[in-house]
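Sequence lines, in order, name chains R and A. Quick note: the first sequence uses my numbering, first residue 522, plus one each step. Quick note: the second sequence uses my numbering, first residue 522, plus one each step. The beta carbon of each residue, even a glycine, is placed where N, CA and C say it ideally should be. Predicted, not measured: the structure shown is a model, and the values here were computed from it. So the structure is just underneath, and the comments pick up after that.
2 protein chains.
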Amino acid sequence: MANKRIERRTDALSKERIVEAAIAILDSDGENALTFRALAARLATGAGAIYWHVADKDELLAAATNDIIARAMADVTAGAEPREAIRAIALGLFDAIDLHPWAGTRLSREPFEPAMLLVSEGIGGRLLALGVPERERFNAWSVLVSYIVGAAGQNAANARRLPRETDRSAFLGGVAAQWEQLDPARYPFVRKLAAKLRDHDDREQFLAGIDLILAGIATVR
Amino acid sequence: MANKRIERRTDALSKERIVEAAIAILDSDGENALTFRALAARLATGAGAIYWHVADKDELLAAATNDIIARAMADVTAGAEPREAIRAIALGLFDAIDLHPWAGTRLSREPFEPAMLLVSEGIGGRLLALGVPERERFNAWSVLVSYIVGAAGQNAANARRLPRETDRSAFLGGVAAQWEQLDPARYPFVRKLAAKLRDHDDREQFLAGIDLILAGIATVR
DNA sequence: ACCTGAACACCGTTCAAGT
DNA sequence: ACCTGAACACCGTTCAAGT
């Protein structure tokens with residue numbers, strides 16, 4: 522009978538279970554909390570056992586990041602309109618990285634993770650649909666992917682450093698206050714930026730960047 | 522006589538000397554080589570002595586990064602034409618981060634370093650000169666700075682992982698070969714990208730991204 | 001005031017020993 | 001084949017003790 526084994530501990534180690542546990546630790550306690558000792562404790566095993574399934578910490582982070590990106594891309598519902606589809610993909614990644622900032626850190630340094638192929642193909646296909654000429658496709662793809670990964674990672678790093686909403690307001694308010702006290706002769710632009718810094722929405726700002734890039738791409742069509 | 526003291530050891534510790542030594546270690550041996558023990562050895566002192574001048578490793582990295590950016594910005598000769606000036610600033614940062622990849626890593630996570638004010642003001646002032654309307658200035662500034670820091674950091678991370686030119690060719694060749702073997706039905710765009718990947722110039726690619734963004738900004742003028 | 005260096009509380013990774 | 005956990009070679013940081 523199948524349910525004879527229902528009480529059986531199903532916790533034999535596997536790469537999937539290890540990666541799953543790693544993601545849980547990374548999400549709840551941050552990058553510094555992911556140690557082989559903490560991971561072993563959570564999996565109720567010895568630290569060395571993990572090395573039977575995973576080569577080292579780098580492979581662990583790579584697998585965890587790949588999971589996050591693959592899931593995020595699977596959740597994206599990109600419609601037929603190419604510009605909207607690119608925005609949807611970009612926002613999907615932005616939100617995933619916002620939720621899993623450590624994945625953003627990893628991605629900025631290792632942009633050739635397998636799951637990034639889904640992102641590249643998703644965006645690239647829409648560039649074709651937009652009629653971007655061959656000679657500009659590489660550059661258009663490159664600027665979009667660089668911006669998405671870079672800006673999303675930077676945003677998530679900020680958010681992680683300032684866990685609560687009040688922390689964020691206080692921090693940005695503090696930076697803005699500093700900016701407003703800069704020498705007006707030397708920093709006229711930054712001084713005027715201060716007000717916007719205080720009450721901008723990160724997601725909107727990110728998307729506005731995508732739109733500006735798409736507008737630029739449209740000019741080389 | 523002044524030269525009576527010429528033989529005198531001038532190596533009293535100071536934050537500047539410590540930061541200078543840290544930059545030397547980071548540049549020659551990479552991020553992982555910067556330890557307080559290595560730093561103390563190079564400065565011929567005890568590890569703990571450094572803490573008298575620097576609060577912790579974070580402050581050390583912040584100061585080192587700030588030095589690099591400030592120097593790079595001081596070296597930029599930005600002419601009167603706004604678009605050219607923005608390109609010059611962007612390239613100055615790109616080259617500095619290429620030379621000091623660890624600064625790129627730091628900058629992607631801590632974009633509010635003081636020296637970045639010079640970058641923001643330099644770019645922002647040119648956006649004013651370009652006639653970017655008030656409501657678009659924040660977004661235009663944001664997309665440029667995010668892209669510059671993000672793309673330069675990603676490029677430098679790649680370059681650091683592949684120290685020699687042949688390593689880089691081999692790596693990109695390998696990635697391109699993988700891309701060419703992808704299922705044409707699922708990855709038509711990425712497959713076609715492979716050829717470009719093999720022989721592109723990173724600096725040109727970066728600059729092409731700046732140009733696309735500037736073209737987008739021009740459309741909202 | 002500034003420096004020394006041992007000590008503390010960690011790490012990632014290895015490996016002999018177990019089952 | 002897979003797991004255990006002590007051991008190794010490191011870290012950043014602290015701090016009593018020196019000058």
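Residue 738 (chain A) reaches chain R at 733, counting residues in chain order whose Cβ is nearer than 7 Å. Three or more Cβ pairs closer than 8 Å define a contact, and the region 614-625 of chain A meets that threshold against the region 670-686 of chain A. Where residue 642 (chain R) is concerned, the enclosing alpha helix (DSSP H) starts and stops at 637-650. In chain order, 669, 731 place their CB closer than 6 Å to the CB of residue 611 (chain A), counting only its own chain and leaving out the 5 sequence neighbours on each side.
Put simply, the backbone Cα of residue 654 (chain R) is about 21 Å away from that of residue 706 (chain A). The beta-carbon separation of residue 591 (chain R) and residue 639 (chain R), rounded to 7 Å, stays under the 8 Å limit for a contact. Closer than 8 Å to the CB of residue 630 (chain A) there is at least one CB belonging to chain R. In this structure, residue 660 (chain A) sits away from residue 665 (chain R), with a CB-CB distance that is not shorter than 8 Å. The alpha-carbon separation between residue 667 (chain A) and residue 696 (chain A) amounts to approximately 26 Å. For residue 662 (chain R), the residues of chain A that pass the 7 Å Cβ criterion are 714, in the order they occur in the chain. Residues of chain A with a Cβ closer than 9 Å to the Cβ of residue 696 (chain R) are, in chain order, 633. In this chain, the alpha helix (DSSP H) harbouring residue 619 (chain R) covers 603-620.
Residue 630 (chain R) places its beta carbon 8 Å or farther from that of residue 735 (chain R).
In this chain, the alpha helix (DSSP H) harbouring residue 663 (chain R) covers 655-682. In this structure, residue 642 (chain A) lies near residue 708 (chain R), with their beta-carbon atoms less than 8 Å apart. Straight across, the Cα-Cα distance linking residue 574 (chain R) with residue 633 (chain R) is about 22 Å.
Between the region 561-569 of chain A and the region 580-600 of chain A there are fewer than three inter-stretch CB-CB distances shorter than 8 Å, so the stretches are not counted as touching.
Beyond the five residues adjoining it in sequence on each side, residue 547 (chain A) comes within less than 6 Å, by CB distance, of 555, 623 in the same chain, given in chain order. Distance check between residue 602 (chain A) and each of A:704, A:721, A:536, A:650 places A:650 closest, using alpha-carbon atoms only. Residue 701 (chain A) is a Cβ neighbour of residue 715 (chain A), given a cutoff of 8 Å.
At least one C-beta of chain R is nearer than 8 Å to the C-beta of residue 729 (chain A). Nearest Cα to residue 541 (chain A) within the set A:558, A:553, A:563: A:563. Straight-line measurement puts the Cα of residue 560 (chain A) at about 40 Å from the Cα of residue 537 (chain R).
With respect to the 8 Å criterion, residue 544 (chain R) and residue 595 (chain R) are not classified as neighbours on the basis of their beta carbons. Bounds of the alpha helix (DSSP H) holding residue 548 (chain A) are 536-550. Sequence-distant Cβ neighbours of residue 599 (chain R) in its own chain, meaning closer than 7 Å and more than five residues away, are 606, 609, 610, 643. Residue 536 (chain A) has a beta carbon lying at 8 Å or more from every beta carbon in chain R.
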